[in-house]
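Notes follow once the structure below has been shown.
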Amino acid sequence: MDEAIGGVRGLLLRAGLNGADLVASSLPRGLAYWLADLGGRAWYRFAPDRRRLVAQNLARVGAATGGPVDGAALDRLVRRAFREHARYYLEILRIPHRSIEEIGRMVRIDDWEHWEAVLRAGAVVSLPHIGNFEPYGSFMAAHGLRAVAPVEEIKPRELFDFLRARRASGRGVELVPLSRARRPMLQALRDGKVVGLVADRDLGRGGIPVTLFGHPTTLPTGPALLSLASGRPLVAGACLRLGPERFVAWGWDIEVPLTGDRDTDAASLTVAVARRFEEAIAKAPEQWWAIFQPLWTDQQKARGR
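Going by the numbering used here, the first residue of the sequence shown is number -4, and it counts up by one from there.
Next comes the structure, spelled out in structure tokens:
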């Protein structure tokens, strides 16, 4: 009986996701983004606990960067954060229906000649959860580059399969399950491909202590260890939203003096990545959608994590 109920739920979920996908991809761009913004405003209104967490996180960023820390200015930023996150979900549904070339034209990358040379030989790109990094992959594909990215195996399975299909969907990015990603990523680097990892949250709780905007947390060393194991360069990157279907991306070479001790070098590289993440996030903190989760050690302990 439980299995039958689960099957019905799966069918309903798939139908709902496919319906949302059809609507998001069919509407005119302006109307689609207007509806996403409306959804973001509703989410802000009816999610008080999430709203408080986002406000707390943005206040910490503001205290470190000279941004809003309280009052009406902070509340406006929180409202924008909900709007921007709703736009991200819209783009997951909408953008995969465009060609790689069309998506590539949505993105501007300054100093692309330098980055193309770095990436074409194979590189590890470490990214925060900010803006929308998926058009970044399509931009690279439009320029003849190929990438591999690990993905967390979320539940229910129907949602994972749907998101995986949309994110791959001919975008020039091969997605591999996180639990068995190490070997494919190393092979990709040997083949001159780009490996992209989102690394501003330590989901496995095995990372190293760092400070992020003045507060202690941990960050995963995976990107650094992968760079050290493969001999390929480590790059920090970010792709921010300028407006509907318009993005700008940045990159930073991550270079530190190496000692030859793997753990020491991985820690140094990860700290250097954290500083670049701060620089990227400070440009548009409302687009940092990791703020919808507990980010810092004290928050995680308070929630028993």
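Don't be surprised by glycine CBs; every beta carbon is placed ideally from N, CA and C.
Given the structure is predicted, the values throughout are model-derived calculations rather than measurements.
Label K188 either buried or exposed according to how many other C-beta atoms from any shown protein chain fall within 10 Å of its C-beta, with 16 as the threshold for buried. buried
Could you pull the start and end residues of the beta strand (DSSP E) that S133 belongs to? Element bounds for S133: not the beta strand (DSSP E) but the alpha helix (DSSP H), E129 to A137.
What does DSSP give as the partner residue(s) for T212 in the beta ladder? V205
Secondary structure at V251, three-state DSSP: helix, strand or coil? coil
So what's E169 in DSSP terms, helix, strand or just coil? strand
Specify the secondary structure class of A275 as computed by DSSP and reduced to three states. helix
I need the straight-line Cα distance from A160 to D260, nearest angstrom please. 36 Å
Assign G132 to one of two classes, buried (16 or more other C-beta atoms within 10 Å of its C-beta) or exposed (fewer than that). buried
Does the region 70 to 88 come close enough to the region 108 to 120 to have 3 or more Cβ pairs within less than 8 Å? no
Measure the Cβ-Cβ separation of P145 and L173 and say whether it is below 9 Å. yes
Is it right to say N52 is buried, meaning 16 or more other beta carbons lie within 10 angstroms of its own, or is it exposed? buried
Since I149 is in the beta strand (DSSP E), which residue starts that stretch and which ends it? First-last for I149: undefined, no H or E at that position.
Grab me the residues of T60's own chain with a C-beta within less than 6 Å of its C-beta, minus the 5 sequence neighbours each way, in chain order. A277
Is W107 helix, strand or coil by DSSP? helix
Where does A142 fall in DSSP's three states? strand
Please report the distance separating the alpha-carbon of V49 from that of G66. 14 Å
By the three-class DSSP mapping on this structure, what secondary structure does G14 have? helix
Would you check if there are 3 or more beta carbon pairs closer than 8 Å linking the region 267 to 277 to the region 225 to 236? yes
Endpoints, beta strand (DSSP E) assigned at V193: V189 to V193
Selected residue, minimal CA-CA separation from R141, among V168, L235, G209 and W284: V168
For L214, count neighbouring Cβ atoms within 10 angstroms of its own Cβ and tell me buried if that reaches 16, exposed if not. buried
Reference L184, options G246, R175, T206 and L114, closest by Cα: L114
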